[in-house]
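Visitor:
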Amino acid sequence: MKHLRSIDELGYDGVVRLLELTRHMVEINARPVPKVPALRGKTVVSLFFEDSTRTRLSFETAAKRLSADTMTFSVSTSSVNKGESLRDTIETISDMGVDAFVVRHKSTGTPWQISEWTNASVVNAGDGWHQHPTQALVDCFTVRQALGIERFDGLTLTIVGDIKHSRVARSNITAFSMLGANVVLVAPPTLLPPDVAHWPVTVSHRLDDVLARTDMLYMLRLQSERMSQGHVPSLREYGETFGLDAARAAKLPATAVIMHPGPMNRGVEMLVDPSALPNSLIHQQVANGVAVRMAVLFDLLAGESSTAYLASVAS
Amino acid sequence: MSNMVMSVDDVRRAITRIAHEILERQQGSASLALVGLQRGGAWLADAIAAAVNVIEPHATVPVGYIDVSMHRDDIGLRPVVPGAISRIDFAVDGTTVVLVDDVLFTGRTVRAAMEGINTYGRPRAVQLAVLVDRGHRELPIRPDYVGKNLPTHVDDDVRATQDGVVITNRVSS
Chain F
2 MKHLRSIDEL GYDGVVRLLE LTRHMVEINA RPVPKVPALR GKTVVSLFFE
52 DSTRTRLSFE TAAKRLSADT MTFSVSTSSV NKGESLRDTI ETISDMGVDA
102 FVVRHKSTGT PWQISEWTNA SVVNAGDGWH QHPTQALVDC FTVRQALGIE
152 RFDGLTLTIV GDIKHSRVAR SNITAFSMLG ANVVLVAPPT LLPPDVAHWP
202 VTVSHRLDDV LARTDMLYML RLQSERMSQG HVPSLREYGE TFGLDAARAA
252 KLPATAVIMH PGPMNRGVEM LVDPSALPNS LIHQQVANGV AVRMAVLFDL
302 LAGESSTAYL ASVAS
Chain G
90 MSNMVMSVDD VRRAITRIAH EILERQQGSA SLALVGLQRG GAWLADAIAA
140 AVNVIEPHAT VPVGYIDVSM HRDDIGLRPV VPGAISRIDF AVDGTTVVLV
190 DDVLFTGRTV RAAMEGINTY GRPRAVQLAV LVDRGHRELP IRPDYVGKNL
240 PTHVDDDVRA TQDGVVITNR VSS
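Just so you know, the protein sequences line up as chains F and G, in that order.
Be aware that the first sequence starts at 2, since it is given in the working numbering, and climbs by one per residue.
Be aware that the second sequence starts at 90, since it is given in the working numbering, and climbs by one per residue.
1. Any beta carbon from chain F within less than 8 angstroms of G:G183's own beta carbon?
2. Are F:F102 and F:T119 touching if we call contact CB-CB under 8 angstroms?
3. Less than 8 angstroms between the C-beta atoms of F:G127 and F:E61, yes or no?
4. Within the region 203-242 of chain F, note down every full alpha helix (DSSP H) run reaching 4 residues or more, in order along the chain.
5. Which value, in whole angstroms, describes the spacing of the CA atoms of F:P38 and G:P168?
6. Quick check on F:A198: buried or exposed, where buried means 16 or more other Cβ atoms within 10 Å of its Cβ?
7. By DSSP, does G:L112 sit in helix, in strand, or in coil?
8. Would you call F:E21 buried or exposed, if buried means 16 or more other Cβ atoms sit within 10 Å of its Cβ?
9. Please report whether the beta-carbon of G:D156 lies at a distance below 8 angstroms from any beta-carbon of chain B.
10. Would you mind stating whether G:L126 and G:A180 have Cβ atoms separated by less than 8 angstroms?
11. Please report the Cβ distance between G:G117 and G:V157, rounded to the nearest whole angstrom; I am assuming they are in contact, meaning their Cβ atoms lie under 8 angstroms.
12. Where does F:T308 fall in DSSP's three states?
13. Using a Cβ-Cβ distance under 8 angstroms, would F:R294 count as near chain G?
14. With distances taken Cα to Cα, identify the nearest neighbour of G:V150 among G:M90, G:A136, G:M159, G:I230.
15. Considering only their Cβ atoms, is the gap separating G:D178 from G:G129 smaller than 8 angstroms?
16. So, does the CB of G:T208 fall closer than 8 angstroms to a CB anywhere in chain F?
17. Under 8 angstroms Cβ to Cβ from G:D162, same chain only, skipping five residues before and after it: list those, please.
18. Quick check: the Cα distance between F:G15 and F:M295, rounded to an integer number of angstroms?
19. Which partner residues of F:R122 appear in the DSSP bridge assignment?
20. List the endpoints of the continuous beta strand (DSSP E) containing G:L217.
21. Apart from the five residues just before and just after F:A247, which ones in its own chain have a Cβ nearer than 7 angstroms to its Cβ?
22. Cβ of G:A119 within 8 angstroms of Cβ of G:I144?
23. Check the Cβ of G:S175 against every Cβ in chain F and list those closer than 7 angstroms, keeping chain order.
24. Under 8 angstroms, Cβ to Cβ, is there at least one residue of chain F near G:A203?
25. Between the C-alpha atoms of F:V202 and F:T73, what's the straight-line distance to the nearest angstrom?
26. So, at 7 angstroms on beta carbons, what are the nonlocal neighbours of F:T308 in its own chain, with the 5 sequence-adjacent residues on each side left out?
27. Taking G:Q216 as the reference, which of G:R114, G:A131, G:V94 has the closest Cα?
28. What in chain F is Cβ-close to G:M159, meaning under 8 angstroms?
29. Would you say F:P134 reaches chain G, if we count a Cβ-Cβ gap shorter than 8 angstroms as a contact?
30. Going along the chain, which residues of the region 92-117 of chain F sit with their C-beta nearer than 9 angstroms to a C-beta in chain G?
31. Is the beta carbon of F:R6 closer than 8 angstroms to that of F:V123?
32. In its own chain, which residues sit with a C-beta less than 6 angstroms from the C-beta of F:T191, not counting the 5 before and 5 after it?
33. Would you give the residue range spanned by the beta strand (DSSP E) that G:G153 belongs to?
34. Could you compute how far the alpha carbon of G:V186 sits from the alpha carbon of F:T90?
35. If we count Cβ pairs, one from each stretch, closer than 8 angstroms, do we get three or more for the region 153-165 of chain F versus the region 27-38 of chain F?
36. Would you grab the beta carbon distance between F:P317 and F:L298 for me? Rounded to a whole angstrom, and I think it's under 8 angstroms.
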């Protein structure tokens with residue numbers, strides 16, 4: 002695998018391969034010295050044109066645990082401010098000899114564009130509303146680990162909130178569907194994309210109707226600027242209709258798990274302290290973020306061993 | 090051309106002898122630990138632990154497994170084996186760790202395992218037990234306990250299991 006830009010590009014075999022490889026990485030992270038020399042001599046650059054806490058830090062931690070060198074590109078202090086183009090920026094960094102770019106950008110397709118300009122591997126850490134493949138891998142791995150299962154056949158994933166503007170939702174719908182889950186979307190019509198009819202999902206506008214048949218509840222963050230854009234009448238009304246409170250959590254089956262990609266808006270979509278919910282996987286999602294990104298970087302940069310790994314999983 | 094060079098009984102006797110030698114050298118099983126190298130060494134570590142328990146029924150020797158794929162110097166040439174995950178759920182600090190592998194060849198896997206063990210702590214000593222030493226070392230590594238020294242051609246294929254050791258000559262014949 003040369004790049005990781007979308008779940009579709011990764012495919013079913015790739016998803017399964019990375020989820021299996023992540024188990025090796027979880028074990029490494031549990032060691033007293035959680036560091037291995039696997040990517041010694043490789044350089045990983047994180048290039049974040051949008052803000053991030055967990056994705057950027059977990060990629061950098063992942064690279065360091067595999068002994069890769071890391072460089073962080075900080076847009077606000079770079080020559081982008083002098084008007085340097087994205088292409089010139091990428092070519093300049095490439096000339097320094099890097100092996101992978103980890104990219105987050107507000108525009109859909111940026112990782113594909115960047116891979117035209119460099120021989121390095123490109124990892125999509127979020128492009129616009131489009132894809133956030135490593136988050137979907139984190140979420141699939143977290144459910145597998147929590148429920149002790151490998152596939153999600155017969156299970157229902159309910160994703161609640163701002164589907165339209167969510168790259169997390171798009172990547173998760175694809176990844177969870179690949180592993181056999183039924184996906185239900187719950188959102189006001191203003192926060193659903195116009196082409197949702199073509200997606201492998203069913204749609205509901207009433208959260209209360211679907212809770213009882215939900216096995217995996219996925220709460221999305223409501224970005225506050227959506228209110229000023231007229232997508233929701235008020236944050237309070239949104240919370241009353243689509244937020245997770247104690248009464249709604251009680252309607253879930255006892256075995257259902259709850260996830261949120263972070264950062265959380267307490268008091269908007271999360272009206273209950275998630276640490277008070279017995280089946281919340283939110284902390285596991287963050288903890289697994291490092292291991293999943295180790296698996297991704299190893300798969301991209303360790304050479305042919307990855308291909309061999311694929312062959313042995315498939316056989 | 091395949092040739093069985095150790096029978097199932099030969100393997101069983103070699104394992105019993107190695108268990109005796111380990112206990113003799115350590116003067117018992119206190120602060121002893123066995124770590125099998127995934128995958129070929131895993132069954133052998135279990136078998137040696139079982140043999141130790143036959144000799145000293147009250148011994149409780151911890152057994153672990155280590156996946157060395159992330160520590161190799163030839164990463165990219167060898168696959169990571171799915172499911173062959175390390176499991177060392179005891180403290181290695183202060184113990185004598187006997188690394189266990191089925192076949193000792195270039196020594197690169199053992200070198201990787203010695204480095205890997207250090208990510209779990211600092212053993213008092215690290216030793217090496219192998220069922221077959223087939224020669225052709227590329228690093229200064231020497232086993233402490235050997236089931237059988239087996240002269241081989243570098244291209245030969247050597248398979249060691251509980252059921253016996255088979256050498257397959259891939260050049261001539």
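Ideal Cβ positions, reconstructed from N, Cα and C, are used throughout, including at glycine.
All of these numbers come straight from a predicted model, not from anything done at the bench.
Guide: To lay it out plainly:
1. no
2. yes
3. no
4. 208-211, 226-229
5. 16 angstroms
6. exposed
7. helix
8. buried
9. No chain B is part of this structure, whose protein chains are labelled F and G.
10. no
11. Going by Cβ atoms, the distance from G:G117 to G:V157 rounds to 29 angstroms, so no, they are not a contact pair.
12. Any reading at F:T308 needs caution, since the residue's pLDDT is 48, under 50, leaving its predicted position unreliable; the model's value is listed next. Here F:T308 sits in helix by DSSP.
13. no
14. G:A136
15. no
16. yes
17. R197, R200, A201
18. 15 angstroms
19. One detail in the question is off: residue 122 of chain F reads as Ser in this sequence, not Arg. F:S122 is bridged to F:A101.
20. 214-222
21. V273
22. no
23. E28
24. In the sequence as presented, Ala is not what sits at residue 203 of chain G; that position holds Met. No, no contact with chain F.
25. 38 angstroms
26. Residue placement at F:T308 cannot be trusted, given a pLDDT of 48 that sits under 50; what the coordinates show is reported in the next sentence. Nothing meets the Cβ criterion.
27. G:R114
28. H25, I29, V37, P38, A39, L67, F299
29. no
30. none
31. yes
32. H232
33. 152-155
34. 51 angstroms
35. no
36. For residue 317 of chain F there is no data in the structure shown, the boundaries of chain F being 2 and 316.
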